[in-house]
Amino acid sequence: MLKKYGFYLLFTLVIFAGQFLRSHDLATGPLPAIEKTTLQNAPALSVIDHKPGIIYFWAEWCGVCRLMQSAVSAVAADQPLLSIALRSGDDTELQEYLTQHQLSWPVVNDRYGDIAKHYGVKAVPAVFFTDSSGKIVFNSSGYTSEWGLRIRLWLASLV
90 MLKKYGFYLL FTLVIFAGQF LRSHDLATGP LPAIEKTTLQ NAPALSVIDH KPGIIYFWAE
150 WCGVCRLMQS AVSAVAADQP LLSIALRSGD DTELQEYLTQ HQLSWPVVND RYGDIAKHYG
210 VKAVPAVFFT DSSGKIVFNS SGYTSEWGLR IRLWLASLV
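Counting from 1 along the sequence shown, just add 89 to a position and that's the residue number in my numbering.
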């Protein structure tokens, strides 16, 4: 029995270590500026301005991002979300993808990865959690469940 739980504990530690190593270069503190507008023509950061929210970097070609779509959509239904599509084609291709997958997120097209560089994003998915003062208080890289998103967002509201 101890061997069985030891394996699960080791597996969990490896996962957490991997997420830490992938996210240690991600931005924290004040939000790096995003000069672009969303595909819906809103100033990007106005979507999450002065409220706890999520900035979600993803790509249409990313399998893990596809696995997170329903979790992100569920959270976006009642919490502020700004999504940034990394290297996912031009605006028309990106809009077609959003329509095909029934995604109604506010999206900024980071076609060449310029915004991602300012946030330290080297892999997607990457998620940033902001507090009500507009600072990044948590970040993560890799798969995150709906509960993982909601718990970090709740913690960001307490900071």
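Idealized CB from N, CA, C, for every residue including glycine.
Would DSSP call residue i helix, strand or coil?
{"i": "Ser234", "result": "coil"}
{"i": "Trp147", "result": "strand"}
{"i": "Asp167", "result": "coil"}
{"i": "Gly152", "result": "helix"}
{"i": "Arg111", "result": "With a pLDDT of 48 at Arg111, under the threshold of 50, the modelled position of this residue cannot be trusted, and the question is left open."}
{"i": "Ile137", "result": "coil"}
Any idea which residues DSSP pairs residue i with across the strands?
{"i": "Pro132", "result": "Thr126"}
Would residue i pass as a contact of residue j if the rule is Cβ separation under 9 Å?
{"i": "Val136", "j": "Glu235", "result": "no"}
{"i": "Ala205", "j": "Gly231", "result": "no"}
{"i": "Ile225", "j": "Ile173", "result": "no"}
Start and end of the alpha helix (DSSP H) containing residue i?
{"i": "Thr300", "result": "Nothing can be reported for residue 300, as the shown portion of the chain is limited to 90 through 248."}
{"i": "Ala205", "result": "Asp203 to Tyr208"}
Which residue comes first and which comes last in the beta strand (DSSP E) that contains residue i?
{"i": "Ala215", "result": "Ala215 to Thr219"}
{"i": "Ser248", "result": "In the sequence as presented, Ser is not what sits at residue 248; that position holds Val. Val248 -> no beta strand (DSSP E), and no H or E assigned at all."}
(message) Assess contact between the segment 216-228 and the segment 186-201, defined as three or more Cβ pairs (one per stretch) separated by less than 8 Å. Is contact present?
(response) no
(message) With three or more C-beta pairs closer than 8 Å as the rule, is the segment 125-136 touching the segment 154-164?
(response) no
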